[in-house]
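Scroll down for the structure; my scribbles are underneath it.
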Amino acid sequence: MKASTHDTFPPVAGGLDAYELYVWFQLYFLCHDCGESLDCPVADDDIETPEGEWMRRNAQRARSLGWYVHPLSADGSLTPICFCPGCAASRHLVVPQ
Ligand SMILES: [Zn+2]
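According to the working numbering, the stretch in the sequence shown is residues 5 to 101, in order.
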């Protein structure tokens with residue numbers, strides 16, 4: 005399902021906790037606008053996947069690459085919305101580093 009350009013999202017991406025929950029839930033990052041994906045390969049020593057080190061590593065990687073993940077809601081639940089760096093920029097969304 006493609007997002008309408010009229011949709012509005014919080015202008016600043018969520019914290020690492022939002023990225024961790026997102027990748028734990030989705031197993032990779034998928035842009036809501038253009039469908040670009042950021043794969044999160046599993047290494048031989050990722051015994052806890054999708055939790056633990058794998059989750060933290062890929063959350064940090066996506067955030068440092070400029071991927072936007074919707075902030076968690078006040079009760080800590082996930083809104084599974086994510087944008088690639090290009091689509092985040094065209095929506096004027098900010099990913100703090
Ligand atoms: Zn995109």
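We put the CB at the ideal spot given by N, CA and C, even for glycine. Just so we're clear, the structure is a prediction, and the values are computed from it rather than from any experiment.
Asked	Found
Option nearest Cys44 by Cα separation, candidates Trp28, Ala17, Gly19	Trp28
Neighbourhood of ligand 1 [Cβ distance below 5 Å to any heavy atom], ordered by chain position	Cys35, Asp37, Cys38, Glu40, Cys88, Cys91
Own chain residues within Cβ distance below 7 Å of Tyr32, not counting five before or after	Ser41, Leu42, Asp43, Cys44
Three-pair Cβ contact test at 8 Å for the segment 53-72 versus the segment 80-99	yes
N- and C-terminal bounds of the alpha helix (DSSP H) containing Ser77	Careful: Ser77 lies outside any alpha helix (DSSP H) and carries neither H nor E.
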